[in-house]
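Numbering (our numbering), first residue to last: 951 to 1378. Worksheet for the structure shown next.
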Ligand SMILES: *Cc1c(COP(=O)(O)O)cnc(C)c1O
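See below:
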C-alpha cells in the first residue's frame, strides 16, 4: 500500500479549499493523517487514487445502502441524463419518487423535495413555526440536523468532532430560540415545556447517528409525542440518515410513535442530492404556493437526482429480506468487534440498528451526548488508523456512525473482523 499521491493531492487541495476539503469531517482532523482521495467505488469497496482498496463503512455517509455504482442506479441515471440535466419545471420523475416514499411512510400525505438534508430540516422548522405561530424549538444535544443557523447549537457530527458545539456566525438572537435538552431525558424536555409556552416543535434524530450511534428509548419518544400533543407543538423526526436505512421505514420501523413532520435525505437520493420533508396535508399546505411559509429551490426535484432515488428505492422496496440481510451482517460485525475489544482489554460500547452501527471506546453505556463525550477519542484515532492501514475505511471520527451496504459481503465482514482483532491489540 503506497500513500504518496494521496498526500500530495491533499497538500494541493489545501491551497484550493479551506482545510483541503468541502465538508469538515473529511479532513481527518480528529484521527490525524491524510484522507485517501477516492477515485472510484465498486459495491462494498472504494479505491483511492493510488489503487488502494478499502472496505467502505462510510458509504457516502449512509446514502449508498446498495453499495457503490449499483448497475440499475447508474444505468437509470445515464438514461435520464441523456434527456437533459435540469428543467426547473415539474417532471413525472418527482411524482414517481414521491409515490415510492409515501407508499412506505403511509402516515404522510405530501412531500416537498429539496437538495440537501440541511434544507429539509431548515424548511421543516420554518413550517412548524409558520403553522404554530411560535418561535422556539427543542433540539437535543449531539443531534445534527444540518448547518442552518437555528440548528447549529450543540450539534453533533463535524460540529462535535471539532469541539465547536456552536458555530461562530450564528447570532445569539437566533440561537436563543433553540432550547437544548439531553437525549433520552424526559424530565429535561418536560422542564422546557413548563418554562416556555411558545415551543413550535421538537426536532429529533429518533435514531441518533451524529454523536456516534445512540438510540432513543421508546418511552422517551412516547413522552415527546405526549408533550407535543398537550402543548400544541409539532414533533419532527429527522430521518435524513435513518430513513430507508435503519429499516425500510427508517426509525419509524422501530417505534409506534408517529411524528408530524419527517425529513429525508441520503438514501432517498441513491447517491445524488435529493432530500425531502413530508407531513399531513394540513401542515404541508402551509408551504408556498398554497400557504404563507416560503421555500423554493432551483434544482429541487432534479430529474437525474430523482432518477437515482427511484432506482434505489425500487430495489429497497422490491427485495424481500433485504433489511434482515443487512441487519444480520451488522449483528455479526458488532458481535465480533465486541469480542475483539474484550480480548484486547479495551472498554467498548457497541450497538447496531438495522444496517447502522456504532461503537464508543467508553467504559460506560452511552445514551446521550454528555456520555458520548467521555469516550477515549485518542484510542479511536489509533484504531481508525490501524484499520485504514489494513484496508478498512471507517468514518474518521468517534462521533459518526458506520454503515453496511448490501454489497458489503460476508467475506468483507470477515476481513473486517480479522483486521479489527489485530487493530484492537495493536492500539491498546
Ligand atoms: C446528514 C444529515 C443532515 C444534513 O444533511 P446534508 O445533506 O448533509 O445537508 C441532517 N440531519 C441528519 C440526521 C443527518 O444525518
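Backbone N, C-alpha and C fix where the C-beta goes; we use that ideal spot for every residue, glycine too.
- Per DSSP, the continuous beta strand (DSSP E) segment holding residue 1213 begins and ends at 1211 to 1214.
- Inclusion of residue 1358 and residue 1007 in the CB contact set at 9 angstroms is warranted, their separation being smaller than that value.
- Residue ranges of uninterrupted alpha helix (DSSP H) with 4 or more members, entirely inside the region 1176 to 1261 and ordered along the chain, are 1231 to 1234.
- Counting other Cβ atoms within 10 Å of its Cβ, residue 1276 reaches 16 or more and is therefore classed as buried.
- Here residue 1353 carries a strand assignment [DSSP, helix/strand/coil].
- Not a single heavy atom of ligand 1 lies less than 8 angstroms from the C-beta of residue 1355.
- In terms of Cβ geometry, residue 1035 and residue 1270 do not form a close pair [threshold 9 angstroms].
- Three or more beta-carbon pairs separated by less than 8 angstroms are not found between the region 963 to 983 and the region 1183 to 1197, which leaves the two stretches without contact.
- The closest heavy atom of ligand 1 lies 8 angstroms or more from the beta carbon of residue 1196.
- Sorted by position in the chain, 1066, 1067, 1068, 1095, 1096, 1155, 1188, 1190, 1191, 1215 make up the residues whose C-beta lies under 5 angstroms from a heavy atom of ligand 1.
- Rounded to the nearest whole angstrom, the CA to CA distance from residue 1025 to residue 1032 is 11 angstroms.
- Judged by DSSP secondary structure, residue 1054 falls within the alpha helix (DSSP H) whose first and last residues are 1042 to 1054.
- One alpha carbon belongs to residue 1259, the other to residue 1155, and they sit about 22 angstroms apart.
- A distance below 7 angstroms between beta-carbons, with the five flanking residues on each side excluded, links residue 1175 to the following residues of its chain, in chain order: 1185, 1207.
- The beta-carbon separation of residue 1310 and residue 1322, rounded to 6 angstroms, stays under the 8 angstroms limit for a contact.
- For residue 1091 and residue 1158, the gap between their C-alpha atoms comes out near 10 angstroms.
- For the pair residue 1190 and residue 1215, the CB atoms are nearer than the 9 angstroms cut-off.
- Only residues of its own chain outside the window of five on either side were considered, and among them 1063, 1064, 1065 have a CB closer than 7 angstroms to the CB of residue 1250, listed in chain order.
- Taken through DSSP and simplified to helix, strand or coil, residue 987 comes out as coil.
- Taken in chain order, the complete alpha helix (DSSP H) segments of 4 residues or longer contained in the region 1111 to 1177 are 1122 to 1125, 1136 to 1145.
- Contact between residue 988 and residue 955 is ruled out by a C-beta separation of about 12 angstroms, above the 8 angstroms threshold.
- In the DSSP annotation of this structure, the continuous segment of the alpha helix (DSSP H) that includes residue 1332 starts and ends at 1327 to 1339.
- Assignment of residue 1064 by DSSP, reduced to helix, strand and coil, places it in the strand class.
- Burial is judged here by how many other beta carbons sit within 10 angstroms of a residue's own beta carbon; residue 1122 has fewer than 16 and is exposed.
- Of the candidates 1150, 1287, 1369, 1143, the residue whose Cα lies closest to the Cα of residue 1085 is 1150.
- Exposed is the label assigned to residue 1053, since fewer than 16 other Cβ atoms lie within 10 Å of its Cβ.
- Rounded to the nearest whole angstrom, the C-alpha separation of residue 1350 and residue 1241 is 37 angstroms.
- DSSP, reduced to helix, strand and coil, places residue 1303 within a strand of the structure shown.
- By the neighbour-count definition (other C-beta atoms within 10 Å, threshold 16), residue 965 is an exposed residue.
- The beta carbon of residue 1265 lies closer than 7 angstroms to those of 1016, 1022 in the same chain, with the five residues before and after it left out.
- Burial state of residue 1194 is buried, judged by a 10 Å Cβ sphere holding 16 or more other Cβ atoms.
- The shortest CA-to-CA distance from residue 1230 to any of 1303, 1058, 1218, 1003 is the one to 1058.
- One Cα belongs to residue 1051, the other to residue 1227, and the distance between them is close to 11 angstroms.
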